[in-house]
Structures are given as C-alpha cells and as structure tokens.
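**Student:** Under my numbering, think of the first position of the sequence shown as 1, with each following residue one higher.
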Amino acid sequence: MGDNIYLPQLARVIHVKEEVPGERSIKTFRLEFVNGGGFEHACGQCAMLSVFGRGESMISIASSPLVSGYKQFSIMRAGRVTSAFHDLAVGDVVGIRGPYGNSFPIDDWRGKNLVFIGGGCGLAPIWPVIQTAVTRRDDFKNITVFYGGRSARDIMYQAELEKLRSTAEVHLSVDNAEEGWHEFCGFVPANLMDKAPTHDNAIAITCGPPIMIKFVIKNLRALGFQDEQIYTTIENKMKCALGKCGRCNVGKDYVCIKGPVYSWADLKDLPPEY
Ligand SMILES: Cc1cc2nc3c(=O)[nH]c(=O)nc-3n(C[C@H](O)[C@H](O)[C@H](O)COP(=O)(O)OP(=O)(O)OC[C@H]3O[C@@H](n4cnc5c(N)ncnc54)[C@H](O)[C@@H]3O)c2cc1C
Ligand code: FES
Numbered sequence: 001m002g003d004n005i006y007l008p009q010l011a012r013v014i015h016v017k018e019e020v021p022g023e024r025s026i027k028t029f030r031l032e033f034v035n036g037g038g039f040e041h042a043c044g045q046c047a048m049l050s051v052f053g054r055g056e057s058m059i060s061i062a063s064s065p066l067v068s069g070y071k072q073f074s075i076m077r078a079g080r081v082t083s084a085f086h087d088l089a090v091g092d093v094v095g096i097r098g099p100y101g102n103s104f105p106i107d108d109w110r111g112k113n114l115v116f117i118g119g120g121c122g123l124a125p126i127w128p129v130i131q132t133a134v135t136r137r138d139d140f141k142n143i144t145v146f147y148g149g150r151s152a153r154d155i156m157y158q159a160e161l162e163k164l165r166s167t168a169e170v171h172l173s174v175d176n177a178e179e180g181w182h183e184f185c186g187f188v189p190a191n192l193m194d195k196a197p198t199h200d201n202a203i204a205i206t207c208g209p210p211i212m213i214k215f216v217i218k219n220l221r222a223l224g225f226q227d228e229q230i231y232t233t234i235e236n237k238m239k240c241a242l243g244k245c246g247r248c249n250v251g252k253d254y255v256c257i258k259g260p261v262y263s264w265a266d267l268k269d270l271p272p273e274y
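1. Identify every run of the beta strand (DSSP E) within the segment 31-55, keeping only runs that are complete inside it and at least 3 residues long; order them along the chain.
2. What is the DSSP secondary structure of Pro189, reduced to helix, strand or coil?
3. State yes or no: is the C-beta of Gly224 within less than 9 Å of the C-beta of Val188?
4. In the DSSP assignment, find the beta strand (DSSP E) that holds Glu18 and state where it starts and stops.
5. Pick from Val255, Ile257, Val250, Cys256: whose alpha carbon is nearest that of Pro271?
6. Between Gln158, Gln131, Glu235, which has its C-alpha nearest Pro210's C-alpha?
7. Enumerated in chain order, which unbroken segments of the beta strand (DSSP E) with a length of 3 residues or greater are wholly contained in the segment 170-244?
8. What are the residues that DSSP puts in a beta bridge with Met76?
9. Is Ala42 near ligand 2, in the sense that its beta carbon is under 8 Å from a heavy atom of that ligand?
10. Could you tell me how far apart the beta carbons of Gly208 and Gly119 are, in whole angstroms, since I believe they sit closer than 8 Å?
11. Who does Ser263 pair with in a DSSP beta bridge?
12. For Val250, name the three-state secondary structure that DSSP assigns.
13. Taking the alpha carbon of Asp200 as the reference point, which residue from Asn142, Leu161, Gly44, Asp194 has its own alpha carbon closest?
14. Within the present structure, is the beta-carbon of Ala241 separated from the nearest heavy atom of ligand 2 by less than 8 Å?
15. DSSP on Ile155, reduced to helix/strand/coil?
16. Do Ile14 and Ile50 come within 9 Å of each other at the CB atom, strictly closer than that value?
17. Examine ligand 2 and report whether any of its heavy atoms sits within less than 8 Å of the Cβ of Val255.
18. Is Met156 close to ligand 1? I mean its beta-carbon at under 8 Å from any heavy atom of the ligand.
Structure, rendered in structure tokens:
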C-alpha cells in the first residue's frame with residue numbers, strides 16, 4: 001500500500017464500460033493496483049491518472065471507499081489525455097497518483113435527509129457518496145437523487161440508477177421530450193423545483209455543468225435550503241495537484257488542496273472563477 005500521495009503508482013485496467021456514446025462519450029474504467037500498490041480514499045477525492053506518453057488528468061474517484069480491490073473512474077472524452085484513456089483496453093497499464101483534495105463530510109450528515117442533484121458527467125464525483133449512503137442506509141433518512149442528461153442516451157449509470165430505486169427516490173430528466181421517455185422533460189433545476197424536496201433536516205449535494213449548479217443553488221435557496229446545507233464539488237483545471245502551479249486557484253484558494261468539495265457557505269464568498 002503506497003503512502004506517498006505524490007508518487008505515481010501503476011494500475012491495470014480490469015474493466016471498461018461505455019456509459020454514454022457519441023462525440024463527448026463517457027467510459028467507466030476499473031483500475032486495479034499492481035506491484036502491491038494502492039491507497040485509501042474518501043468520498044469526493046480525486047486522483048491524477050496518466051496514460052504514458054500522453055499526459056495526466058485529474059479525475060474523481062467514482063467508486064465507494066467501502067469497495068476494495070479496485071478504484072473506478074468515469075471519464076468524458078475531452079482532449080488529449082481523456083481520449084487516450086478512451087483508447088485503452090482491459091489489461092493496459094496506467095499511472096495513478098493520489099488521493100487528492102478534501103472530501104464530503106458524510107459522517108456529519110448522520111440522521112439527515114440527503115438530496116443529490118447531478119447533471120451529465122457530474123454524477124461520477126457524487127456517486128461514491130450515494131453508494132456510501134446506501135451501504136450505510138440506517139445512518140440516513142430519505143435519500144433522493146435527481147439526475148439529468150441532454151437525452152436518454154446521455155444518462156450514465158443507467159443500470160445502477162434502476163437498482164438504486166429500491167433504496168432511494170430517483171428522479172431522472174432529459175432536456176427535451178423524446179419518444180419512449182416517461183420521466184421529467186426539462187433541465188435538472190426544473191425537475192428539482194417540480195419535486196420540491198424538503199429542506200428540513202436535509203443536506204443537498206450537487207455536481208454538474210457550472211450553469212446547472214448555478215440554477216440548482218438558486219432553486220435550493222428558493223426551497224428554503226440554507227447555504228450551510230448545500231455542498232458542491234468543482235472541477236477547475238489542474239496540473240500539479242500539489243498546490244504549486246497555481247493553475248487551479250479560485251481567489252486565494254488552491255482548489256487541489258482546499259477543495260474540490262465546498263459548502264455553498266464557503267464557496268459563495270470566493271470570486272466566481274469556477
Ligand atoms: C477535481 C477534478 C475532478 C474531475 N473529475 C473528472 C471526472 O470524474 N471525469 C471526467 O471526465 N473529467 C473530470 N475532470 C476534468 C478532467 O480533468 C479534464 O476534462 C481533463 O483533464 C481534460 O484533459 P484532456 O487532456 O483530455 O483535455 P485537454 O486536451 O487538456 O483539453 C480539452 C478541452 O477541455 C478543456 N478542459 C480541460 N480540463 C478542463 C477542466 N478541468 N474543466 C473544464 N474544461 C477543461 C480544455 O480547455 C480544452 O478545451 C475533473 C477535473 C478536476 C479538476
Ligand atoms: S493544480 Fe497546481 S496548484 Fe492546484
């Protein structure tokens with residue numbers, strides 16, 4: 001087990017799943033450490049993944065800390081490194097260093113209602129929290145998940161979300177009406193307002209495109225959620241993850257060190273550089 005978070009380790013791809021097809025496709029990778037490596041992580045933390053000769057990218061660890069044997073990552077094809085990831089196959093070896101960043105204070109949320117709101121690839125960073133809450137089901141009251149994609153084929157974790165319905169309320173949405181879709185049509189913040197979950201004894205956790213987060217927070221406030229009840233995780237561009245290069249800063253905060261998880265009470269006073 002590696003205890004130096006700055007030292008890259010080797011991991012082998014043991015499973016690849018195409019979540020979302022198309023130009024900005026998303027694939028989920030399971031990585032197993034090799035040579036006796038490994039590290040523990042907490043919900044919300046990330047890792048720097050590298051494809052040799054192509055570079056490295058910060059990616060949220062999408063598996064629950066309670067799962068052992070592999071770490072899971074859902075990666076959207078954006079540019080050089082993420083495209084190289086999409087070309088990998090089972091058996092290929094990559095580099096991984098971490099874990100980095102702070103985490104969601106899930107232990108402080110015992111006895112509360114949890115409301116998750118995700119959009120697009122933004123379900124991946126909050127998925128470990130959802131999975132941990134489900135595993136520790138008795139620690140929490142209602143678990144409600146709002147999640148939306150542009151269209152039905154953009155919904156990631158489809159089978160997992162169906163399974164989740166046995167323990168949580170799941171409200172899916174697509175941006176526009178389409179044949180065969182029987183759930184909400186419209187943007188994620190509108191679905192949230194339509195179902196209007198109570199703010200009473202609740203914590204809201206949101207991740208998605210910045211424009212979605214902006215309107216989700218506006219709507220949560222309208223539903224009576226206080227700033228301290230709202231958490232998000234931000235994905236500012238990162239290079240070193242060590243607090244050295246200054247690539248990720250928001251105001252005086254290096255997000256790679258202080259974030260990526262923020263309560264809205266902490267984030268709202270920082271410059272809107274995220
Ligand atoms: C804390 C954190 C968690 C992240 N979690 C995930 C995750 O779970 N899954 C995932 O797919 N991606 C995640 N990202 C984003 C991911 O790191 C970038 O998409 C990736 O580094 C792009 O690398 P690339 O070489 O493929 O693209 P590049 O060739 O470097 O860039 C391609 C395009 O993407 C833009 N871009 C690059 N990085 C970012 C960024 N961070 N935000 C917005 N635009 C960007 C570039 O400006 C360019 O237009 C996360 C980022 C951070 C900081
Ligand atoms: S990524 Fe270099 S300072 Fe945060």
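Note that CB positions come from ideal geometry on N, CA and C, so glycine has one too. Quantities reported herein were computed from a predicted structural model and do not represent experimental measurements.
**Tutor:** For this structure:
1. Fully enclosed beta strand (DSSP E) runs of 3 or longer: 46-51.
2. In the three-state reduction of the DSSP assignment, Pro189 falls in the helix class.
3. Not in contact: Gly224 and Val188 (Cβ atoms no closer than 9 Å).
4. Segment 9-20, the beta strand (DSSP E) holding Glu18.
5. Taking Pro271 as reference, the option from Val255, Ile257, Val250, Cys256 with the minimal CA-CA separation is Val250.
6. By alpha-carbon distance to Pro210, the top candidate from Gln158, Gln131, Glu235 is Glu235.
7. Listed in chain order, they are 202-207, 230-233.
8. Partner(s): Ile26.
9. No, the beta carbon of Ala42 sits no closer than 8 Å to any heavy atom of ligand 2.
10. Contact holds; Cβ gap of about 3 Å.
11. In the DSSP secondary-structure assignment, Ser263 is bridged to Tyr231.
12. Looking at Val250 - three-state DSSP - the assignment turns out to be strand.
13. Comparing Cα-Cα distances from Asp200 to each of Asn142, Leu161, Gly44, Asp194, the minimum goes to Asn142.
14. With a threshold of 8 Å, the Cβ atom of Ala241 counts as near ligand 2, since some heavy atom of the ligand is closer than that.
15. Note: Ile155 maps to coil in three-state DSSP.
16. Just to set this straight, residue 50 is Ser in the shown sequence, not Ile. Contact check for Ser50 against Ile14 fails: the beta carbons are separated by 9 Å or more.
17. Yes - ligand 2 has a heavy atom lying nearer than 8 Å to the Cβ of Val255.
18. Within the chosen limit of 8 Å, ligand 1 does not reach the beta carbon of Met156 with any heavy atom.
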